[in-house]
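Asker: Using the working numbering, you'd call the opening residue of the first sequence number 2 and step up by one each time.
The beta carbon of each residue, even a glycine, is placed where N, CA and C say it ideally should be.
One structure is given below, represented as structure tokens, and several questions about it will come after.
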Amino acid sequence: MAISFGKGCHLHLIDGSAFIFRAFHALPPLTRKSDGLPVGAVSGFCNMLQKYIEGNSATHIAVIFDKGSHTFRNDLYDQYKANRSEMPEDLRPQIPLTRRATEAFNIACKEIEGYEADDIIATLARQAREAGGQCTIVSSDKDLMQLVGDGVDMLDQMKNTVIDREGVEAKFGVPPEKVVDVQALAGDSVDNIPGAPGIGIKTAALLINEFGSLDELLERAEEIPQPKRRQTLIDHAEQIRLSQKLVTLDDQTPLDFTLDDLEKRDPNPETLLGFLQEMEFRTIVKRISDYLGVEAPAMPDTNPAGAEPTAVEQPDFTEATYEAVSDMAVLDAWIARIHERGYVAVDTETTSLNEMQAELVGISLAVEPGHACYIPLTHKKSEADDLFAEEGLAEGQLELEAVLEKLKPVLEDDAILKIGQNLKYDWKILARYGVTVAPIEDTLLLSYALNAGLHQHGMDTLSERYLAHNPIPIKEIIGTGKSQITFDRVPIDKAVPYAAEDADITLRLWQVFKPQLHPKQVTTVYETLERPLIPVLARMEMAGVEVDRAVLHRMSSAFAQKMAQLEEEIHELAGENFKVGSPKQLGEILFDKMNLPGGKKGKTGAYATGADILEDLATEHDLPGRVLDWRQLSKLKSTYTDALQDHINPETGRVHTSYSIAGANTGRLASTDPNLQNIPVRTEEGRRIREAFVAPEGKTLVSLDYSQIELRILTQFADVPALERAFRDGEDIHASTASEMFDVPLDEMTPEVRRRAKAINFGVIYGISGFGLARNLRIPREEAQGFIDRYFERFPGIKDYMTETTDFAKKNGYVQTLFGRKIHTPEINAKGPTAGFARRAAINAPIQGTAADVIRRAMIRMEAAIADIPAKMLLQVHDELLFEVEEGHEDALIAAAREVMEGAHKPVLDLEVPLSVDAGQGRNWAEAH
DNA sequence: GAGTTCACG
DNA sequence: GACGTACGTGAACTCA
């Protein structure tokens, strides 16, 4: 029955082109199995449309596309969108497919020659509002934000967030009606809207808020206090008015259809499933068939004999059966199934995220998608059942020891793969219960090897992305904040679906990822650089490092005293009491009250008061220097001397960090809770904190670190003969660089010249820019650029490396380390400031990543190499390994560890430049480093 | 929870 | 003086 659009109706307008573009860049490059046709964006698009089939608030719906490249905006301004880059090769064939998809879903698909989708959307949104209905614009494009308000909102489908008036204000600093004014001033590099030079969104919002509107502002431009800004606005008034016309959406587009034509219609199952079948979207076909209650059409056989196995058909999550195991016979049956399969997905539930303190609460297992169980072990009785709930275990649980006795042989069985998501966690928990899990697979690491740089690798992310399923949030089970409970307090019936689902998801992800390793050529990376690291890191983390609480405590007290003194002096100098730790208040004191030179900046409009700014200001006044001293002490106290004491494990008396293997995109590890990779060393006061990291009685700390590993690797990548020679001859590399660049003989080198060369060497590793080097060296930008030009002239290989790496990234969407690790660079073809970031990251990633690979290889080999020495590897700090060794065996350890580290690249790689390792030893880390 | 600052390689 | 910039991280703090 047709209803006329009006009150109670809800129109959803999907910005088609924007969605596919974003889906294309956000999703992995999925191809149709039978012929390799790229269909990733189409699949993302269909996933989104599928939600409309299953039902939501929409009563009317349309997908709006752009049509034609010439619009009225080109008549106004011939440079409009002139810098748009070509559509990516793989996206082009997907555009017509998304139109077909829209039709197959029986959703209105609208476009009008000579009009941008945004204008059609504006017109429809206006009509919907005037008719008294609601409108949701499915897009995150900021150009559409001017339409928000009065029943119109926006939905970012990929982030699943709603953008309302508040959202627009947060983004633009002004309400939706004034967004065009801000955009007119700020301009837009993506669409090539000129705006006012030197004015960004923040400044624009400031001005509009002050003057009320753009017209008012331009009329009263003389009143702007800042001379430069005033002149800009006066000089560019014409251009700004033009920009305003360009960004203002036309809500009077002539339409050849009405709102009523957009009423939501049921799809024809045959047409829809036919299309999806043609695209070979198995999961969506299955889901929609189930939803429509029809039989899923057969899929073509896309896996002929001999071909690499591809995706596996998996049942829908709604059909999954998850059971609680409370009977030994049932457990036996599960174990029998595991033996039959040869693999099992495992997940442990515990009382804490801290693996060194967490107690096992239950274990879940999955052997095939949709079939998983949860074995509750130590859930507590609920308080409703028992006033003395503290003590008793809930009913219906098998005994922990008995279950572990049964499972241990399975978990340690060489013939059975144990699959986990972030298995290092479960490995450590089970190790504390006497079980050494092996052999292992980890879906987090599979995703990292396959997709580093594309997205994070947590279970929720992966499940949503690759299984189109949102797992039960842990918050729903244990709550949040103060009322959060530990998992052993969760009623068993509530724990089962959550815990079993995790194992199910893990198994399904494994089935998705594992077959991709080979085609994506990352099998070796996964098998030699990722997976073997799990037990190595687990043992290091469990070993921990001894920290002397008394030393830290003394330092904390001393810092507190000195800070109080400084605070008093600071207040005196400021002439008032304020929070020294508040950058906001400090900024107001320095720049508003004391009128020191320096200005507002940053996204929030707050004054920047970073160390570099305060250092510059220190010549003007005593206060900034005191604040710097105070800040240093505050940092040392709160982050180190205080916090580290809280991290001393009461049982072991040591500090146990946790390493994330997939934390950094480049292959580096990251250390958390606490971070032991950023213990101070650069200043004398800070370095003393390392005196608290000690060797126990009868032992010594030994530290070995790679010397200039990244520069050596860069030299290898770039093939720079002069640098190769300098490294081979064991020269001071920065001095050699300086000598080569500035034609100063080595024996006449001055510290200042060497310092500059050193800054350039580092800059090169970071994807140097004139701006960055100028800031670092505090010299004019032109001079810095001159240095860079000269550097490239002397070392042309470096320039080539940079160009080749950037080109490779643009072509392939990733860069690679010398060991084959892939780091994806999805933003490399972006426009605007993002492009610079992406380019520098792409240049840096192979260098940083290769160094990370080298030390990973060393760590993996280390245990066997030092097996006969009474020593343990404790910490890794990117290019350094810290060991604890029994006294008398220091030299043996250093010799063995050095051999492993210096030869870590072999045998797969020959290096023109040798790797070199420095060693130190002592009673504490300060002495050893 | 975002933004700022600062500790490390 | 600023369209924003050295690469990669994690933690503590302030403030909305």
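I'd like the span of the beta strand (DSSP E) that includes Glu320, first residue to last.
Answerer: Position 319 of the first sequence, counting from 1, holds the residue named residue 320. No beta strand (DSSP E) contains Glu320, which DSSP labels as neither H nor E.
Asker: Would you kindly check if the distance between the Cβ of Ala126 and the Cβ of Arg163 is under 8 Å?
Answerer: Walking along the first sequence from the start, residue 163 turns up at place 162. Walking along the first sequence from the start, residue 126 turns up at place 125. As written in the sequence, residue 163 is Val, which differs from the Arg given in the question. No; because the gap between Cβ atoms is not below 8 Å, this pair is not in contact.
Asker: Taking all protein chains shown into account, do 16 or more other C-beta atoms lie within 10 angstroms of the C-beta of Thr851, making it buried, or fewer, making it exposed?
Answerer: Residue 851 sits at position 850 when you count from the first residue of the first sequence. Label assigned to Thr851: buried.
Asker: Going straight from the alpha carbon of Ala308 to that of Gln128, what length do you get?
Answerer: Along the first sequence, one-based indexing puts residue 308 at 307. Along the first sequence, one-based indexing puts residue 128 at 127. Here Ala308 scores only 39 on pLDDT, less than 50, and its place in the model should not be relied on; the value that follows carries that caveat. In a straight line, the C-alpha of Ala308 is about 54 Å away from that of Gln128.
Asker: What is the DSSP secondary structure of Ala306, counted as helix, strand or coil?
Answerer: Locating residue 306 in the first sequence gives position 305, counting from the first residue. Here the model assigns Ala306 a pLDDT of 41, short of 50, so the residue's position is not dependable, and the following value carries that caveat. It is coil, neither helix nor strand.
Asker: Identify whether Val886 lies in helix, strand or coil by the three-state DSSP scheme.
Answerer: Taking the first sequence and counting its residues from 1, the one referred to as residue 886 is at position 885. Three-state result, Val886: strand.
Asker: Among the residues of its own chain, which have a CB less than 6 Å from the CB of Glu350, if the five just before and after it don't count?
Answerer: Here the question's residue 350 lines up with position 349 in the first sequence. Closer than 6 Å at the Cβ level, and outside the excluded window around Glu350, lie Val362, Gly363, Phe488 and Ala500.
Asker: Would you list the one or two residues that DSSP bridges to Asn925?
Answerer: Counted from its first residue, the first sequence places residue 925 at position 924. DSSP output for Asn925 lists Val695 as bridge partner(s).
Asker: Note down the Cα distance separating Thr444 from Gln877, rounded to an integer number of angstroms.
Answerer: Residue mapping note: residue 444 aligns to position 443 of the first sequence, counting from 1. Residue mapping note: residue 877 aligns to position 876 of the first sequence, counting from 1. Going by the C-alpha atoms only, they are around 24 Å apart.
Asker: Please report the Cβ distance between Leu250 and Ala123, rounded to the nearest whole angstrom; I am assuming they are in contact, meaning their Cβ atoms lie under 8 Å.
Answerer: The count along the first sequence starts at 1 and reaches residue 250 at position 249. The count along the first sequence starts at 1 and reaches residue 123 at position 122. That pair is a contact at about 4 Å.
Asker: Please classify Glu356 as buried or exposed, where buried requires at least 16 neighbouring CB atoms within 10 angstroms.
Answerer: Walking along the first sequence from the start, residue 356 turns up at place 355. Answer is buried; the Cβ neighbour count reaches 16.
Asker: Which ranges would you report for the alpha helix (DSSP H) in the stretch 579 to 639 if only whole runs of at least 4 residues count?
Answerer: 584 to 588, 612 to 618 and 624 to 636
Asker: Please report how far the alpha carbon of Thr303 lies from the alpha carbon of Ile285, in whole angstroms.
Answerer: Counting from 1 along the first sequence, the entry for residue 303 is found at position 302. Counting from 1 along the first sequence, the entry for residue 285 is found at position 284. Because the pLDDT of Thr303 is 48, which lies under 50, any placement of that residue in the model is unreliable, and the number read from its coordinates should be weighed accordingly. Those two C-alpha atoms are separated by around 17 Å.
Asker: I believe Ile478 touches Val411 by the beta-carbon criterion, under 8 Å. Please report the beta-carbon distance rounded to the nearest angstrom.
Answerer: Counted from its first residue, the first sequence places residue 478 at position 477. Counted from its first residue, the first sequence places residue 411 at position 410. In fact, because the Cβ distance is near 26 Å, the residues do not count as touching under 8 Å.
Asker: State the DSSP-derived secondary structure class of Asp414, mapped to helix, strand or coil.
Answerer: As a position in the first sequence, residue 414 is number 413, starting the count at 1. Coil.
Asker: Residue range of the beta strand (DSSP E) that Ser327 falls in?
Answerer: Here residue 327 refers to the residue found at position 326 when the first sequence is read from its first residue. Following the DSSP letters along the chain, one finds Ser327 in no beta strand (DSSP E), marked with neither H nor E.
Asker: When DSSP labels each residue in this structure, what does Met541 get in the three-state scheme?
Answerer: Residue 541 sits at position 540 when you count from the first residue of the first sequence. Shown here, Met541 sits in a helix according to DSSP, grouped into three states.
Asker: If we call anything under 8 Å between Cβ atoms a contact, is Ala373 one with Ser365?
Answerer: Taking the first sequence and counting its residues from 1, one reaches residue 373 at position 372. Taking the first sequence and counting its residues from 1, one reaches residue 365 at position 364. Cβ distance < 8 Å, so Ala373 and Ser365 count as in contact.
Asker: Got a sec? Which residues, its chain only, sit under 7 Å from Ala897 by beta carbon, not counting five neighbours each side?
Answerer: As a first step, residue 897 must be located in the first sequence, where it is residue number 896. Around Ala897: Ala866, Ile867 and Ile870.
Asker: Does the stretch 567 to 578 come close enough to the stretch 652 to 668 that 3 or more CB-CB pairs lie under 8 Å?
Answerer: no
Asker: Going residue by residue through the stretch 838 to 925, where are the continuous alpha helix (DSSP H) segments of at least 4 residues, counting only ones entirely within it?
Answerer: As far as the stretch 838 to 925 is concerned, its whole alpha helix (DSSP H) runs of at least 4 residues are 891 to 903.
Asker: Could you compute how far the alpha carbon of Ile829 sits from the alpha carbon of Lys515?
Answerer: Counting from one through the first sequence, the residue named residue 829 turns up at place 828. Counting from one through the first sequence, the residue named residue 515 turns up at place 514. Roughly 27 Å between the two C-alpha positions.
Asker: List the endpoints of the continuous alpha helix (DSSP H) containing Ile486.
Answerer: The sequence position of residue 486 within the first sequence is 485, counting from 1. Where Ile486 is concerned, there is no enclosing alpha helix (DSSP H), given that its DSSP letter is neither H nor E.
Asker: For a test of the three-state rule: what should DSSP assign to Lys800, helix, strand or coil?
Answerer: As a working mapping, residue 800 is identified with position 799 in the first sequence. In this structure, Lys800 counts as helix in the three-state DSSP scheme.
Asker: What does a CB cutoff of less than 6 Å around Tyr802 pick up in its chain, not counting 5 residues either side in sequence?
Answerer: Locating residue 802 in the first sequence gives position 801, where the first residue counts as 1. Result list for Tyr802: Phe718 and Ala719, in chain order.
Asker: With H, G and I counted as helix, E and B as strand and the rest as coil, what does DSSP make of Met357?
Answerer: Sequence index remark: in the first sequence, residue 357 carries index 356 (1-based). Residue state, collapsed to three classes: coil.
Asker: Using 8 Å for Cβ pairs, my map puts Leu705 next to Ile861. What's the rounded Cβ distance?
Answerer: If you number the first sequence from 1, residue 705 lands on position 704. If you number the first sequence from 1, residue 861 lands on position 860. Contact doesn't hold; Cβ gap of about 16 Å is too wide.
Asker: Out of Ile430, Ala785, Asn762 and Ile761, which one is the CA nearest neighbour of Gly771?
Answerer: What you label residue 771 is simply residue 770 of the first sequence in a count that begins at 1. Of the candidates Ile430, Ala785, Asn762 and Ile761, the one whose C-alpha sits nearest the C-alpha of Gly771 is Ala785.
Asker: CB-CB under 7 Å to His930, same chain, minus the five flanking residues each way: which ones, in chain order?
Answerer: Taking the first sequence and counting its residues from 1, one reaches residue 930 at position 929. These residues qualify, in order along the chain: Val682, Arg691, Ser704 and Gly921.
Asker: Would the beta-carbon of Tyr792 fall within 8 Å of that of Met742?
Answerer: Working through the first sequence from its first residue, we reach residue 792 at position 791. Working through the first sequence from its first residue, we reach residue 742 at position 741. Cβ atoms of Tyr792 and Met742: closer than 8 Å.
Asker: Is Thr137 helix, strand or coil by DSSP?
Answerer: Along the first sequence, one-based indexing puts residue 137 at 136. In the three-state scheme derived from DSSP, where H, G and I count as helix and E and B as strand, Thr137 is classed as strand.
Asker: Leu28 and Phe106 look like a contact to me (Cβ under 8 Å); what is the Cβ gap, rounded to whole Å?
Answerer: To locate residue 28, count along the first sequence from 1; it is residue 27. To locate residue 106, count along the first sequence from 1; it is residue 105. That belief does not hold up - the Cβ atoms of Leu28 and Phe106 are roughly 19 Å apart, past 8 Å.
Asker: Let me know the secondary structure DSSP gives Gln717 once reduced to three states.
Answerer: For the purposes of this step, residue 717 is taken as the residue at position 716 of the first sequence. Gln717: helix per DSSP, three-state reduction.
Asker: Would a C-beta distance cut-off of 8 Å place Asn193 and Lys82 closer than the cut-off?
Answerer: By 1-based counting over the first sequence, the position of residue 193 is 192. By 1-based counting over the first sequence, the position of residue 82 is 81. Yes, these two residues count as a Cβ contact at 8 Å.
Asker: Would you mind giving the Cβ-Cβ distance between Val581 and Val628, rounded to the nearest angstrom? I have them listed as a contact below 8 Å.
Answerer: The sequence position of residue 581 within the first sequence is 580, counting from 1. The sequence position of residue 628 within the first sequence is 627, counting from 1. 6 Å between Cβ atoms; contact.
Asker: Does the beta-carbon of Glu547 have 16 or more other beta-carbons within 10 angstroms, so that it is buried, or is it exposed?
Answerer: What you label residue 547 is simply residue 546 of the first sequence in a count that begins at 1. Under this definition Glu547 is a buried residue.
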